[in-house]
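For reference, the structure discussed in these notes is given below.
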Amino acid sequence: MSDDSDGSRGNDRVTEIYVNGLAEVSPDIPIEPGELEAAALEAMDETARGYVDGGAGSGKTAASNEAAFDRWRIEPEMLRGVESRDLSTEVFGTEFDVPVMCAPIGCQSILHDGAERASAEGAASEGVPLCLSTVSSTPLEEVSEVMGDVPAWFQLYWSPDSELTASFIDRAEQAGYEAIVVTVDTPIVGWRPQDLQQGYLPYLHGTGIANYTTDDVFRSYLDHDPEANTLSTAQTFLDLFGDASLTWDDLEWLHDQTDLPVVVKGILSQADARRAVEHGGDGVVVSNHGGRQVDRSVAALEALPGVVDEIGDEAFIGFDSGIRSGADILAVLALGADLAFVGRPYVYGLTLDGAEGVATVLANLLADFDLSLGLSGYDDVTKLDREALVHESALQ
85 MSDDSDGSRG
95 NDRVTEIYVN
105 GLAEVSPDIP
115 IEPGELEAAA
125 LEAMDETARG
135 YVDGGAGSGK
145 TAASNEAAFD
155 RWRIEPEMLR
165 GVESRDLSTE
175 VFGTEFDVPV
185 MCAPIGCQSI
195 LHDGAERASA
205 EGAASEGVPL
215 CLSTVSSTPL
225 EEVSEVMGDV
235 PAWFQLYWSP
245 DSELTASFID
255 RAEQAGYEAI
265 VVTVDTPIVG
275 WRPQDLQQGY
285 LPYLHGTGIA
295 NYTTDDVFRS
305 YLDHDPEANT
315 LSTAQTFLDL
325 FGDASLTWDD
335 LEWLHDQTDL
345 PVVVKGILSQ
355 ADARRAVEHG
365 GDGVVVSNHG
375 GRQVDRSVAA
385 LEALPGVVDE
395 IGDEAFIGFD
405 SGIRSGADIL
415 AVLALGADLA
425 FVGRPYVYGL
435 TLDGAEGVAT
445 VLANLLADFD
455 LSLGLSGYDD
465 VTKLDREALV
475 HESALQ
């Protein structure tokens, strides 16, 4: 785990890079976000590139997610005594070293042989919590072991078979996951042209279904070993993946299945945020699935302030979709989110250099955030509020 006990994570990272430069050692992983993305996409094969980079429809939502950050400007304040910064925060009674979590991204074996184990190793080394996807290439129990004492949450795709859903929850509890993050924006998979053009769905190749093939309830549907007939196994998975018949009343059933906090992911409106809390949710994640479900959807950052106004005083609020830099993390937290979920950047690191790549990308993001925090006049992440930001409309 990265040692930032003196509250100078950013200073230490910058010094490390410059000292390495004296020895003519340049960073192996690109530091600038656009260059990182370009290098990772270039390193992927065509099918993986389409899966990671593709968005729904014309890609307007994915583009809007990043563009929304450009409409908020940081207003720094000077001489605030920021020589030491505290990045820690408390979520559901657990102290997190940083207000950042690796977002759930499935099928990581298409990017690197280490898959989710490597992501967990890299995240844990930097003290960054991780949320594991139901459609991981690695069984949830193995990933939890790698995370060790660093918090891990389990993202749940809600199956039409309630027994299978309950089994996933029970396994997550037994493995030490500390929250269930139920994704509600994917009862069916969106229209994704890049995947469709290639005719590529990883699950049909047996990728991303490790939590299913290691589950007794799922295996009871099969009359063969999961590996003996990959296509048949994949078809069974597709039959049991999502449930478009679900309503808000069903969330109460889910809440009754566990003593863990239940976080509802995929919220983009104040009305849905209120419904989530009223039906048993302990919190929400404001997200549009990285722009992969509904084209021309509301950008996640556009939705965040309203959700915070609606339920911020009574429930946990996480955010994902569009974070690429430390300044982005600052904006998300200043607008009222409790936790920033980082997605594509860490799997870019995974693609380029496995666990070390994940650790490097996260170290750079956190250093950028730490320095941005201090240079904006804050010595404690919990002190951030909307006073740190100015919307571009106020500057015109």
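In terms of our numbering, the sequence shown is numbered consecutively and its last residue is 480.
Cβ coordinates follow ideal geometry from the N, Cα and C atoms, glycine included.
For this session: Determine the extent of the beta strand (DSSP E) in which Thr173 is found, giving its start and end residues.
Result: 173-175
For this session: Note down the Cα distance separating Glu246 from Glu121, rounded to an integer number of angstroms.
Result: The question names Glu, but residue 246 is Ser in the sequence shown. The alpha-carbon atoms of Ser246 and Glu121 are separated by roughly 39 Å.
For this session: Note down the Cα distance separating Ser89 from Ala447, rounded to an integer number of angstroms.
Result: Residue confidence for Ser89 is low, a pLDDT of 48 falling below 50, so the modelled location carries little weight; the figure read from the coordinates is stated next. C-alpha separation (whole angstroms): 15 Å.
Exercise. Nearest to Val370 by alpha carbon, out of Ser221, Ile351, Arg358, Gly427?
Worked result: Ile351
Problem set entry | Beta carbon of Trp237 nearer than 7 Å to that of Cys215 | yes
Problem set entry | As assigned by DSSP and simplified to three states, the class of Arg157 | strand
For this session: State buried or exposed for Pro223, treating a residue as buried only when at least 16 other CB atoms are found within 10 Å of its CB.
Result: buried
For this session: Apply the 10 Å Cβ neighbour rule to Ala472 and answer buried if 16 or more other Cβ atoms are within range, or exposed otherwise.
Result: buried
For this session: For the beta strand (DSSP E) containing Leu330, list its first residue and its last residue.
Result: First-last for Leu330: undefined, no H or E at that position.
Exercise. In the structure shown, what three-state DSSP assignment does Met128 receive?
Worked result: coil
Problem set entry | Where the alpha helix (DSSP H) containing Met482 begins and where it ends | Outside the displayed span of the chain (85 to 480) sits residue 482, for which this structure offers no information.
For this session: Note down the Cα distance separating Asp309 from Leu315, rounded to an integer number of angstroms.
Result: 12 Å
Problem set entry | Close beta carbons around Asp181, own chain, < 6 Å, minus the five adjacent residues each side | Ser172, Gly211
Exercise. To which residues of the same chain is Arg359 closer than 8 Å at the C-beta, ignoring the five residues directly before and after it?
Worked result: Trp332
Exercise. Going by other Cβ atoms of all chains shown within 10 Å of its Cβ, with 16 needed for buried, is Asp299 buried or exposed?
Worked result: buried
Problem set entry | Spatial neighbours of Ala411 in its chain, beta-carbon cut-off 6 Å, leaving aside the 5 residues before and after | Ser456
Exercise. When burial is assigned at 16 or more other CB atoms within 10 Å of the CB, is Glu130 buried or exposed?
Worked result: exposed
Problem set entry | Backbone secondary structure at Gly402 - three-state DSSP | strand
For this session: Could you tell me how far apart the beta carbons of Leu338 and Glu257 are, in whole angstroms, since I believe they sit closer than 8 Å?
Result: Going by Cβ atoms, the distance from Leu338 to Glu257 rounds to 13 Å, so no, they are not a contact pair.
Exercise. Using CA coordinates, which residue listed in Ala418, Val391, Arg376 is at the minimum distance from Asn149?
Worked result: Arg376
Exercise. Using the beta-carbon count (16 or more within 10 Å), is His475 buried or exposed?
Worked result: exposed
Problem set entry | Through-space distance from Pro111 to Gly198, alpha-carbon basis | 21 Å
Exercise. Comparing alpha-carbon positions, which option in Val392, Val234, Asp96, Gly290 lies nearest Ser221?
Worked result: Gly290
For this session: Assign Leu280 to one of two classes, buried (16 or more other C-beta atoms within 10 Å of its C-beta) or exposed (fewer than that).
Result: exposed
Exercise. Is it true that the CB of Leu195 sits closer than 7 Å to the CB of Val431?
Worked result: yes
For this session: Taking only runs that begin and end inside the region 187-219, name each unbroken alpha helix (DSSP H) of 4 or more residues, in chain order.
Result: 199-209
Exercise. If we count the other Cβ atoms within 10 Å of its Cβ and call it buried at 16 or more, is Tyr102 buried or exposed?
Worked result: exposed
For this session: Can you say whether Arg380 is buried or exposed, counting buried as having 16 or more other CB atoms within 10 angstroms of its CB?
Result: exposed
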